[in-house]
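When the letters of the sequence shown are read in order and numbered with the working numbering, they come out as residues 1047 to 1234.
The structure appears right after this line, and notes come after that.
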Amino acid sequence: MNELNEAANNRPRSALIHSIQQENRHIRQLQQENKELRLALEEHQNVMELIMSKYRQQVAKLVTVNSKQTQPNTQEQAKLAAQIERISEMVAVMRKAASLGDDESQQQQRLITALATENKGLREMLNIASRSGSILPAACSVDAGTQTEQDSTKVEEQSQPIEQDGVNPKNLPKEENKSLESHETTVS
């Protein structure tokens, strides 16, 4: 400090006043610039607050719109999930019914085959008996006629002379089919 005072003492007073005035102007300019910067900063903060408030409002609207849109989607998804569950249950029931139907169909087919074999054997025995003369052809037509109404007309045709083996090859498959059909109706 002493050095400054000595340096100041060596200078003329007018130069000192002039330099102080320049510094004062410079300080005033800096103060003015500082005020302007503060005003600009306040204005900038106000604008940023306005922008942020608008942004918050838009985000809030967007969130409410999205939540409203997702709620129906969730309800629709729940409905779809319930429908998918019902469909999968129906598929399981259908598969089970199909497997049971297949089993039942196979069982019925075995029964039909067994009955067809039995019917064929009985017809052969009937034909042998009628050939040997132990049963009259009229008795054959009565017994066969009681099986079905459709077979009665064919049995009357059979009461005509039987071929050498005792089996009429034209009528045998038809009779077996008819007797199977008649037995199916009695079984069901």
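Cβ atoms here follow ideal geometry from the backbone N, Cα and C, with glycine treated the same way.
The structure presented is a predicted model; accordingly, all values stated were derived computationally and were not measured.
The beta-carbon separation of residue 1181 and residue 1172, rounded to 7 Å, stays under the 8 Å limit for a contact. Here the C-alpha atom of residue 1179 lies approximately 42 Å from the C-alpha atom of residue 1150.
Residue environment for residue 1176: buried (at least 16 other C-beta atoms within 10 angstroms of its C-beta).
The same chain holds no residue with a CB closer than 7 Å to that of residue 1076 once the five nearest residues on each side in sequence are set aside. Under the three-state reduction of DSSP, residue 1180 is assigned to coil, being neither helix nor strand. In this structure, the CA atom of residue 1136 is about 33 Å from the CA atom of residue 1114. In this structure, the alpha-carbon of residue 1063 lies about 10 Å from that of residue 1069.
Counting only the Cα atoms, residue 1147 lies some 26 Å from residue 1165.
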